[in-house]
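J.:
Numbering (the UniProt record's numbering), first residue to last: 1 to 275.
And the structure:
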């Protein structure tokens with residue numbers, strides 16, 4: 001949709017737009033909040049993984065210590081492109097009202113954040129990165145037909161710990177967050193189990209986030225140190241009057257390249273009705 005009536009502040013250069021969008025994407029995207037963010041200028045990154053520690057043992061004094069190697073692996077992450085484009089009249093572009101610049105920047109950022117999260121919690125994505133549903137070997141906690149207790153979260157922490165992960169975040173589908181917010185301390189009681197369930201609260205010690213891109217009835221428990229969100233060269237913005245010359249307009253293009261890496265699939269826990 002073209003912006004016709006509002007203006008852009010002349011001081012907002014393409015580089016400034018990029019920084020604004022990066023800030024917005026970081027704030028809005030759960031994939032950036034629940035993972036370790038890695039910024040790179042390379043086509044791909046290789047992350048070394050220590051699969052198992054080198055074995056030690058007890059030795060008599062003045063005897064040779066056995067030489068052992070740790071087991072290692074690597075994770076290769078290739079960021080792929082998510083982009084958006086919009087058009088504004090040159091009259092709006094020449095306006096000095098800064099509100100339009102902020103609105104357009106945030107709108108592009110929200111769309112990039114939404115596409116990023118949809119991919120992060122999804123399966124394989126055409127032309128994009130594969131998400132959590134594509135990862136094999138994750139742990140599953142069966143929540144049954146409904147969420148009425150935090151025992152499931154404690155079970156998830158136990159499962160992850162047994163597989164080399166210390167959970168930091170739990171990301172809930174909106175219906176799960178609502179169910180927990182309505183849960184009561186006992187049958188027949190009106191006292192809520194929790195005061196509220198939304199972004200930033202802690203559930204069994206884990207930072208809770210809510211995302212509409214998590215499948216209904218599901219939650220994902222993650223160790224942020226073992227989940228990577230990689231962004232290549234930040235979010236960039238380019239403007240061109242040539243493409244819309246006949247309309248006396250300016251086109252704005254926002255581009256970000258993002259990839260995901262799951263270093264320890266066995267340390268990821270999916271909580272849902274597994275029946």
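Where is the CB? At the ideal position from N, CA and C, for every residue including glycine.
Indicate whether residue 29 and residue 117 have their beta-carbon atoms separated by less than 8 Å.
T.: In the chain shown, counting from the first residue as 1, residue 29 sits at position 29. In the chain shown, counting from the first residue as 1, residue 117 sits at position 117. Taking 8 Å as the Cβ cut-off, residue 29 and residue 117 qualify as a contacting pair.
J.: Evaluate residue 195 with the Cβ neighbour count: other Cβ atoms within 10 Å of its Cβ, from every protein chain shown; 16 or more gives buried, anything less gives exposed.
T.: The sequence position of residue 195 within the chain shown is 195, counting from 1. By the 10 Å Cβ count, residue 195 comes out exposed.
J.: Label residue 172 either buried or exposed according to how many other C-beta atoms from any shown protein chain fall within 10 Å of its C-beta, with 16 as the threshold for buried.
T.: As a working mapping, residue 172 is identified with position 172 in the chain shown. When all chains shown are included, residue 172 counts as buried.
J.: Quick one: give me the first and last residue of the alpha helix (DSSP H) that residue 33 is part of.
T.: The residue you call residue 33 lines up with position 33 of the chain shown. Run containing residue 33: 30-33, per the alpha helix (DSSP H) assignment.
J.: Relative to the C-alpha of residue 206, which residue among 170, 72 and 89 is closest?
T.: On the chain shown, position 206 is the one that residue 206 refers to. Of 170, 72 and 89, the residue nearest in Cα terms is 170.
J.: Report all residues from its chain with a CB closer than 7 Å to the CB of residue 73; omit the five preceding and five following residues, and keep chain order.
T.: By 1-based counting over the chain shown, the position of residue 73 is 73. Contacts found: 49 and 51.
J.: When you compare the CB positions of residue 252 and residue 139, do they come within less than 8 Å of one another, or not?
T.: One-based indexing of the chain shown puts residue 252 at position 252. One-based indexing of the chain shown puts residue 139 at position 139. No, they are not a contact pair.
J.: Quick one: give me the first and last residue of the beta strand (DSSP E) that residue 225 is part of.
T.: For the purposes of this step, residue 225 is taken as residue 225 along the chain shown, with counting starting at 1. Note, residue 225: premise wrong, no beta strand (DSSP E); not H, not E.
J.: Give the range of the alpha helix (DSSP H) segment to which residue 176 is assigned.
T.: The sequence position of residue 176 within the chain shown is 176, counting from 1. Counting along the chain, the alpha helix (DSSP H) containing residue 176 begins and ends at 174-182.
J.: By a C-beta neighbour count over all protein chains shown, 10 Å radius and 16 as the cutoff for buried, is residue 112 buried or exposed?
T.: In the chain shown, residue 112 corresponds to position 112, counting from 1. Per the 10 Å Cβ criterion, buried.
J.: Output yes or no for whether 8 Å exceeds the beta carbon distance between residue 133 and residue 123.
T.: The sequence position of residue 133 within the chain shown is 133, counting from 1. The sequence position of residue 123 within the chain shown is 123, counting from 1. Cβ distance < 8 Å, so residue 133 and residue 123 count as in contact.
J.: Which term fits residue 280, buried or exposed, when burial requires 16 or more other beta carbons within 10 angstroms of its beta carbon?
T.: Outside the displayed span of the chain (1 to 275) sits residue 280, for which this structure offers no information.
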